[in-house]
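In my numbering, the protein residues as written are 2 to 520.
All remarks here apply to the structure that follows.
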């Protein structure tokens with residue numbers, strides 16, 4: 002999957018920040034959710050419940066994630082958190098600004114362990130400014146951003162949305178900003194807030210108000226700069242939505258409802274000037290026909306129209322079904338991955354976990370990492386496995402690889418259920434990027450053999466890439482073995498303790514058989 006090499010630690014609750022990591026996880030990122038031991042994320046208790054007792058919100062925001070329970074006020078748990086962040090590419094948090102620092106795990110502390118770490122901070126009002134310390138929720142952002150004042154009927158009160166609009170928008174903003182920051186390769190803070198996310202939805206409206214000096218009135222379902230654009234009731238009591246913001250569409254629609262051929266209605270400004278007349282004509286024409294007839298007639302002149310569907314109708318919408326917009330999760334329909342990628346689609350790999358479901362395994366992995374790091378350091382001190390061959394007098398390319406030094410093949414034997422990755426050449430600082438890329442490409446294979454029989458030389462960089470590839474496969478629940486028949490290389494793997502963690506066999510057949518034993 003496209004983000005399978007991205008490791009994210011989430012220290013966040015409710016919807017916006019966990020929504021950010023949900024989008025990343027849907028496309029392959031490993032997300033480790035850190036929750037307080039006393040109940041965990043509040044979405045575990047929020048809203049509608051599935052027959053199995055879990056809330057539907059938790060099934061949505063917790064999917065594709067692992068859970069570990071840590072109390073960051075406890076010294077030991079805080080140490081585990083710091084060790085965990087040192088293995089990550091990204092940390093996403095939504096504590097009140099300053100809280101992370103008071104816990105002793107602020108960005109400066111995290112960067113001391115991992116300088117390239119991206120720290121995504123999601124809050125109500127941002128990390129700076131006079132109101133940074135205030136509590137902020139979606140409702141507050143919807144009110145303060147101007148959205149609520151614009152929303153609602155002309156003679157009614159300001160209106161808040163009935164869905165988690167601000168949270169979902171902010172989740173997308175944070176996911177986008179996270180990937181931009183990761184792409185930069187620079188450790189930095191990504192400051193995302195609910196209020197800014199909602200203000201961004203106003204588009205050019207702040208500029209229009211600044212120029213005119215007047216606030217726009219609430220228009221219900223209309224908009225200030227285009228007519229007709231509204232919801233209309235049909236003769237059978239059902240509703241449709243119509244939008245004719247372009248002149249060509251408006252011309253065809255107005256001809257259909259009896260306003261064709263009038264030059265004063267040929268432009269958007271002209272139609273706005275005659276707003277009440279135009280809107281009333283469309284409403285009257287629709288009110289005299291049942292919805293199915295209205296939909297057919299308006300679609301017939303290539304104008305934009307849609308039924309105003311209830312959620313129950315959304316569930317039965319054949320277009321949405323064909324697109325896989327809603328996917329089955331534990332027997333109920335929930336939104337699937339947010340976008341459709343042709344070659345590398347997102348998918349739901351695992352259900353939302355129980356609190357601390359992965360805590361023991363994550364702690365064991367951290368211990369393994371620490372041991373392997375120590376072993377790799379020993380290997381580096383012990384020196385290479387043979388004489389280092391001469392290098393061409395030219396620098397590595399952008400990927401850190403010298404072309405021709407390392408060749409890699411990936412074999413999928415016919416009628417076999419395993420994959421063999423076979424590097425041929427030196428595994429060192431010159432070639433490690435190519436090797437790492439090859440292992441990432443097969444990280445989701447359930448049964449993997451790494452064949453080192455054609456590797457004459459390996460240093461600590463190569464060993465580190467080997468360890469990282471095995472870790473990614475294990476995290477995807479894969480089985481991995483190594484085939485190595487070179488005495489010097491086998492000695493290195495034994496000296497570092499590598500062979501106590503992953504089976505190392507001296508024949509390819511033995512490595513394949515070791516996969517069966519692992520099963």
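Beta carbons are placed, not taken as given, at the ideal position from N, Cα and C, and that holds for glycine.
The model shown is predicted, which means the values in this text are computed figures rather than measured ones.
Beta-carbon proximity of residue i to residue j, cut-off 8 Å
i	j	result
residue 134	residue 97	yes
residue 44	residue 121	no
residue 311	residue 241	no
residue 352	residue 338	no
residue 516	residue 480	yes
residue 233	residue 284	yes
residue 462	residue 433	yes
residue 87	residue 360	no
residue 194	residue 127	yes
residue 328	residue 335	yes
residue 456	residue 428	yes
residue 282	residue 258	yes
residue 3	residue 345	yes
residue 1	residue 119	With the chain running from 2 to 520 in the structure shown, residue 1 is simply not present.
residue 161	residue 140	yes
residue 451	residue 422	yes
For residue i: DSSP bridge partner residues
i	result
residue 240	234
residue 66	32
residue 480	448
residue 459	428
residue 506	484
residue 409	424
residue 102	In the DSSP output, where bridge partners are listed per residue, residue 102 has none listed.
residue 94	12, 122
Cβ neighbours of residue i in the same chain (closer than 6 Å, five flanking residues each side left out)
i	result
residue 17	123, 168, 171, 172
residue 148	199
residue 110	none
residue 444	5, 473, 474, 477
residue 392	A caution first: residue 392 carries a pLDDT of 45, below 50, which makes its placement in the model too unreliable to give a value.
residue 430	462
residue 330	60
residue 217	225
residue 390	Interpretation of residue 390 is limited by its pLDDT of 45, a score under 50 that renders its predicted location unreliable; the figure taken from the coordinates is listed afterwards. The answer is none, since no qualifying residue turns up.
residue 38	70, 72
residue 307	242
residue 299	306
residue 401	Confidence at residue 401 is low in this model, with a pLDDT of 44, below 50, so its placement is unreliable and no value can be given for it.
residue 14	42, 43
Closest residue to residue i among the options (Cα-Cα distance)
i	options	result
residue 90	416, 294, 108	108
residue 295	328, 266, 243	243
residue 521	30, 492, 50, 103	The first residue shown for the chain is 2 and the last is 520, placing residue 521 beyond what the model contains.
residue 143	196, 314, 338	196
residue 419	448, 441, 436	448
residue 11	453, 22, 2	22
residue 355	268, 64, 484	64
residue 531	74, 364, 256, 118	Residue 531 lies beyond the residue range present for the chain, which begins at 2 and ends at 520; the question has no answer from this structure.
residue 235	212, 462, 277, 289	289
residue 81	471, 485, 518, 368	368
residue 192	129, 224, 218, 321	129
residue 523	512, 464, 209, 62	Outside the displayed range of the chain (2 to 520) lies residue 523, so it cannot be described from this structure.
residue 220	164, 158, 508	158
residue 332	459, 52, 258, 345	52
residue 508	453, 466, 499, 214	453
residue 32	15, 93, 84	93
residue 503	470, 489, 487	470
residue 105	115, 83, 95, 125	83
residue 417	446, 437, 287, 190	446
residue 189	150, 115, 215, 156	115
residue 459	442, 362, 437, 489	489
Cut-off 7 Å between Cβ atoms - residues of its own chain near residue i, not counting five sequence neighbours on either side
i	result
residue 408	425, 426
residue 272	228, 251, 266, 279
residue 8	31, 88, 89, 90
Cβ of residue i within 8 Å of any chain C Cβ
i	result
residue 266	This model lacks chain C altogether; it includes just one protein chain.
Other residues of its chain near residue i: CB distance less than 8 Å, five sequence neighbours each side excluded
i	result
residue 405	Its pLDDT being 43, under 50, residue 405 is placed unreliably in this model, and the value from its coordinates should be taken loosely. Same-chain partners within the cutoff: there are none.
residue 514	506
residue 510	none
residue 186	117
residue 254	229, 243, 245, 283, 299, 302, 304
beta-carbon residue i near the ligand GDP non-hydrogen atom, thresh 7 Å
i	result
residue 209	You won't find the ligand GDP in this model; it holds no ligand whatsoever.
Identify every run of the beta strand (DSSP E) within the stretch 270–327, keeping only runs that are complete inside it and at least 3 residues long; order them along the chain. 305–308
Secondary structure, beta strand (DSSP E): runs of 3+ residues fully inside the stretch 164–233: 189–194
To test your reading of the DSSP string, which unbroken alpha helix (DSSP H) runs of 4 or more residues are found completely within the stretch 105–141? 108–114
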